[in-house]
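What follows is a short report on a single structure.
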Amino acid sequence: MDMVRSREKGVLIPGWQRGRLKAWRGLLLVKMEHVHELHRVTRVARMFSPTHDRDRPPPLWDAQPVEMTIDYWTYTGTERIDDGIGGFVDYAQTWVIVPAREESHCGRAGSERL
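If you're matching positions, the sequence shown starts at 6 in this note's numbering and goes up one per residue.
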């Protein structure tokens with residue numbers, strides 16, 4: 006599956022700029038988990054790739070399906086980002102997920118963009 010994060014630091018990226026975003030290719034897992042930082046159980050979405058695990062996007066906490074069609078799925082939630090000074094900041098995030106053309110390749114999708 007190809008996933009594009011459609012927000013940057015919680016702000017929705019305008020539609021005319023979305024063509025520059027690179028898709029992250031991998032496997033999607035959505036399940037209920039206990040999130041220690043939130044002190045509760047919540048739905049968490051994660052992307053996995055056996056070949057590009059280092060640049061994996063942060064998990065999407067409180068993941069809620071917004072729209073699901075035959076062509077794409079949209080999930081919204083929050084992600085925790087390192088603030089660069091020893092702490093973390095939680096931002097709103099939306100993932101747009103589409104089936105990959107070639108499921109055997111995982112990691113960053115080369116020239117394919119959403």
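Glycine residues also receive a C-beta, built at the ideal position from the N, C-alpha and C atoms.
Keep in mind it's a predicted model, so treat the numbers as computed, not measured.
Segment limits, beta strand (DSSP E) that includes residue i
i: Asp87; result: Trp78 to Asp87
i: Met8; result: Asp7 to Arg10
i: Thr99; result: Phe93 to Val103
Option in the options with minimal Cα separation from residue i
i: Thr99; options: Gly82, Leu34 and Phe53; result: Gly82
i: Met52; options: Arg25, Lys36, Gly20 and Gly24; result: Lys36
i: Pro104; options: Gly20, Asp95, Asp88 and Trp78; result: Trp78
i: Leu32; options: Val94, Tyr80, Pro55 and Met73; result: Pro55
i: Glu13; options: Tyr96, Gly92, Gly91 and Arg106; result: Tyr96
i: Leu26; options: Arg10, Gly15 and Leu34; result: Arg10
i: Ala50; options: Glu72, Pro19, Leu34 and Gln22; result: Leu34
i: Arg48; options: Tyr80, Arg61 and Arg23; result: Tyr80
Any 3 or more C-beta pairs closer than 8 Å across the segment 34 to 48 and the segment 62 to 78: By the Cβ criterion, the segment 34 to 48 is in contact with the segment 62 to 78, since at least three pairs of Cβ atoms, one from each stretch, lie closer than 8 Å.
Beta strand (DSSP E) runs wholly inside the segment 27 to 65, at least 3 long, in chain order: Listed in chain order, they are 27 to 30, 32 to 40 and 45 to 53.
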